[in-house]
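Sequences listed follow chains A and B, in order. Residues in the first sequence are numbered from 100 upward in steps of one, following the working numbering. Residues in the second sequence are numbered from 100 upward in steps of one, following the working numbering. Cβ atoms here follow ideal geometry from the backbone N, Cα and C, with glycine treated the same way. Computed from a predicted structure; not experimentally measured. Only one structure is covered here, and it is reproduced in the block below.
Number of protein chains: 2
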Amino acid sequence: MIQKLIDAIREKNAPVVVGLDPNLAFVPEHLQKAAADKISGAEICAGQKYTEEKAALYTASEAIWQFNKEIVDAVCDIVPAVKPQIAMYEQFGLPGLETYDRTVRYCRNKGLIIIGDVKRGDIGSTSESYARAHIGRTPVGGLEVPVFDVDFATVNPYLGTDGVKPFVDVCNTYDKGIFVLVKTSNPSSGEFQDVLTAGGVPMYELVAQKVREWGSVSMDGRYSNVGAVVGATWPEQGEKLRKLMPETFILAPGYGAQGASAADLAAFFDEEGSGAIVNSSRGIIAAWQKEPYRQYGPEGFAQAARAAALDMIEDLRQAIANR
Amino acid sequence: MIQKLIDAIREKNAPVVVGLDPNLAFVPEHLQKAAADKISGAEICAGQKYTEEKAALYTASEAIWQFNKEIVDAVCDIVPAVKPQIAMYEQFGLPGLETYDRTVRYCRNKGLIIIGDVKRGDIGSTSESYARAHIGRTPVGGLEVPVFDVDFATVNPYLGTDGVKPFVDVCNTYDKGIFVLVKTSNPSSGEFQDVLTAGGVPMYELVAQKVREWGSVSMDGRYSNVGAVVGATWPEQGEKLRKLMPETFILAPGYGAQGASAADLAAFFDEEGSGAIVNSSRGIIAAWQKEPYRQYGPEGFAQAARAAALDMIEDLRQAIANR
């Protein structure tokens, strides 16, 4: 699967993934109103009506679905991948997860590669269930049923090999990939990840070593299907990790709204300008609310997202070229 | 919220939580058949039928729902709490999560305290969404809507304070609780959690210190609403952590099927015999498949679960009394 991502990045010359993390505050008023009108008139079945609370969750989920569709339509020819953040859907319960599911299928039909940002991880048998849910298939009724069925999932390593191996097995069975959290983009990521161990290296380096080991059984071309999340907000660590994990593809969140620049990211890429993909969520999907994209207005939110994505792509191309 | 759990444990004299992790292999044939009959004849709405794959997911979810109901009916007067493991539901997609949701509401109506074993954790704004989804409420349409609405959620600490604080804030707003992973029950938990840091203590002790710190702003009686997961499979670490975290209530998975005995757990409790609750999942809900509970047969699966729960309760009572 990682080779498919690499090929798609090359084809579009854009190492950029659009984070579909649609906070309701990013969704223009006209979409929220249309969703409210639609749901307030809707029936579940045969005259049954939603409760007020259910209707509110369905309205939000419908608004986000329409929002996602326009964003995806506007960027699908210029970026290789999207990264829906499942928490933003989970907060709206089952209706929200229905929108997550629909969004994933819509993006697949548009030819996009989908990174499900789920950050799951548990003990062995439980991680196996999560792996089935997100990148594998669930054996049931004599079938093998794909469930949320994204191409890559993000995975939390805190439980060790037990928690990650079921995902790697699924990567091998169904040609999928994962990105394991190594050094996350958030301000307090260092509290545990940067702790110096008695062996003289920070914890995130031990995690990086394990990621290489886990990934060695799932190579796909030059890189492994087992990638790593390394925050764009940590350029020094990114440069170090690029060298420590030469076969590990990096998913780098944190560009834009979280503060990282293209220059910070140059060292995340390999000598061919491959080896990493950079995520921006708010910076793209909420671009219409900020300069220099405010001119597009709420009705032009998707075109604002496209303009912001194009600017980000150009910014990264230059940073890679100028290394 | 932690005081409610402590009171419920005291009232039933049972520091036991039943893990509702219903692998389909635990669900007796007659329930699976009844579910298949029900779903194969079902209509979504107005004559619309499920696809074969959707029907398979709905059948599994229906079988698990009926299974859970009987288990809950059989144990709700003897245990204070249940712990549904969301991964086991997520693997069946939206129908599975509907069963999770129903199970939670059913347990609440039975007066049980519900620990949602979700092991979520992300960067700040994303953890806020997860916290809303599982223990808080989502602001939408002028309402504050409870979503999955369990009493406690399990939380992964790898991202540091940013990832945990949104959950703690929700604990304070809605009188809820969390259990943060400190030392997990699985065989490879030591790979990162036991790593000796340059300061001379293992990583899990650093996490334990943070858990105390996070919990200090959410005290509820003698204990904090911010608890810790410490695997019953690690008795020495459990004893040490009990002393290091005197205000931290412990959720201890790993009894029974994962290999821990009641004797291993004695030191997890405080001098009053409080301070911890022990989980068993398979050992209770799949008891009917094993000696000495096989006599109950598949039709008596719920009574087998009750018998296994009673034996576990007695086993722990004696271990606490004999310290």
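- The three-state reading of DSSP puts L343/A in helix, counting H, G and I together.
- For A307/B, there is no enclosing beta strand (DSSP E); the residue is part of the alpha helix (DSSP H) that begins and ends at M302 to G314.
- Assignment of I376/A by DSSP, reduced to helix, strand and coil, places it in the strand class.
- By the neighbour-count definition (other C-beta atoms within 10 Å, threshold 16), I143/B is an exposed residue.
- The shortest C-alpha to C-alpha distance from G118/A to any of S379/A, I412/A and R422/A is the one to S379/A.
- Distance from D274/B to V203/B at the Cβ level is roughly 17 Å; contact not present, criterion being Cβ atoms closer than 8 Å.
- When L130/A, G262/A, Q147/A and A141/A are compared, the shortest CA-CA separation from P121/A is found for L130/A.
- In the DSSP assignment, I101/A falls outside any beta strand (DSSP E) and within the unbroken alpha helix (DSSP H) covering I101 to K111.
- Within the region 381 to 407 of chain A, the complete alpha helix (DSSP H) runs of at least 4 residues fall at 381 to 384.
- The beta carbon of S284/A is closer than 7 Å to those of G330, A331, T332, P352, G353 and Q357 in its chain, skipping five residues each way along the sequence.
- Sorting I277/A, D261/A and R393/A by C-alpha distance to the C-alpha of G289/B places D261/A at the top.
- In the DSSP assignment, K282/B forms a beta bridge with V329/B.
- Here L242/B is bridged, per DSSP, to V239/B.
- Against K309/A, the close residues of chain B are E290 and F291, in the order they occur along the chain (beta-carbon pairs closer than 9 Å).
- The Cβ atoms of G299/B and A232/A do not sit closer than 9 Å to each other.
- At a cut-off of 9 Å between beta-carbon atoms, N122/B makes contact with chain A.
- Three or more Cβ pairs drawn from the region 306 to 322 of chain A and the region 264 to 271 of chain A lie within less than 8 Å of each other, which places the two stretches in contact.
- The beta carbon of V181/B does not come within 9 Å of any beta carbon belonging to chain A, so the residue lies off that interface.
- Between L104/B and the set K339/B, F266/B, A366/B and G326/B, the nearest pair of CA atoms involves G326/B.
- Between W313/A and K264/A, the C-beta spacing is below 9 Å.
- For K148/A, no beta strand (DSSP E) run applies, since DSSP gives it neither H nor E.
- In the three-state DSSP reduction, K209/A falls in the coil class, being neither helix nor strand.
- A Cβ of chain B is located within less than 9 Å of the beta carbon of Q184/A.
- When the five nearest sequence neighbours on each side are left out, no beta carbon in the same chain lies closer than 6 Å to the beta carbon of A133/B.
- Using beta-carbon distances, L340/A does not count as an interface residue toward chain B, since no partner is under 9 Å.
- The three-state secondary structure of K275/A, taken from DSSP, is coil.
- Using a 10 angstroms sphere on the CB of Q336/A, the tally of other CB atoms reaches 16 or more, which defines it as buried.
- Between I277/A and I234/A, the C-beta gap is smaller than 9 Å, which places the two residues in contact.
- Spanning the alpha carbons of D250/B and D250/A requires a straight line of approximately 33 Å.
- A straight-line Cα-Cα distance of about 8 Å links I177/B and N112/B.
- Cβ proximity to chain B below 7 Å picks out K218, G220, D221, I222, G223, T225, S228, Y229, R231, A232, T237 and V239 from the region 216 to 239 of chain A.
- For the region 152 to 169 of chain B, residues whose beta-carbon sits nearer than 9 Å to a beta-carbon of chain A comprise E152, K153, A154, A155, L156, T158 and A159.
- Around G259/A, the beta-carbon contacts reaching into chain B at under 9 Å are T283, N285, P286, S287, S288, G289, E290, F291 and Q292.
- Just measuring C-alpha positions, the residue of I213/B, Y199/B, I212/B and V254/B sitting nearest I222/B is V254/B.
- Given a length threshold of 3 residues, each whole run of the beta strand (DSSP E) inside the region 120 to 190 of chain B is given here in chain order: 180 to 183.
- Membership of F291/B in the alpha helix (DSSP H) is indicated by the continuous run G289 to Q292.
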